[in-house]
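**Student:**
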Amino acid sequence: MACHDILHGLVAKQNEAARLAGEGRAVDDRIAQLQAANPVDQAQIDKLKAQRADISKRLGTLLTEIAEVQQDFKDCIARHL
286 MACHDILHGL VAKQNEAARL AGEGRAVDDR IAQLQAANPV DQAQIDKLKA QRADISKRLG
346 TLLTEIAEVQ QDFKDCIARH L
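The opening residue of the sequence shown carries number 286 in my numbering; numbering runs sequentially from there.
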């Protein structure tokens with residue numbers, strides 16, 4: 286695979302990570318709003334916490350993949366120097 290193809294894949298993964306991070310912040314904000322409400326909708330809070338845990342898991346996986354692609358890119362550049 287050409288280095289520029291690896292770089293494009295890396296950028297795509299980084300963009301997805303940024304999108305997921307934003308999604309996680311939005312869920313966190315919604316949880317805070319629900320916790321401040323009277324009455325507290327615990328069922329909705331629990332649902333959002335489960336959603337947030339899923340986002341965190343996907344983000345962790347994606348960050349691991351980004352690290353791997355970064356190394357692939359570095360290796361590719363080193364081969365072409």
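We put the beta carbon where it would ideally sit given N, CA and C, even for glycine.
1. Determine the closest residue to Q336 out of A306, I291, C288, with distance taken between C-alpha atoms.
2. Hey, V312 and L295 are a contact pair by Cβ (cut 8 Å); roughly how many whole angstroms apart?
3. Express the C-alpha separation of A321 and A303 in angstroms, rounding to a whole number.
4. Helix, strand or coil for V325, going by three-state DSSP, please let me know.
5. Is the beta carbon of L347 closer than 9 Å to that of K298?
6. Answer with yes or no whether the minimum CB distance from A363 to chain B is below 9 Å.
7. Measuring only the C-alpha atoms, how far is D331 from R310?
8. For L319, which residues in the same chain have their Cβ closer than 8 Å to its Cβ, ignoring the five residues on either side in sequence?
**Tutor:** Concretely, from the data shown:
1. A306
2. The Cβ separation is near 26 Å, so there is no contact.
3. Distance between the alpha carbons of A303 and A321 is about 27 Å.
4. Coil.
5. yes
6. Checking the listed chains, one finds no chain B in this structure; it contains a single protein chain.
7. 16 Å
8. V325, D326, Q329, I330, L333
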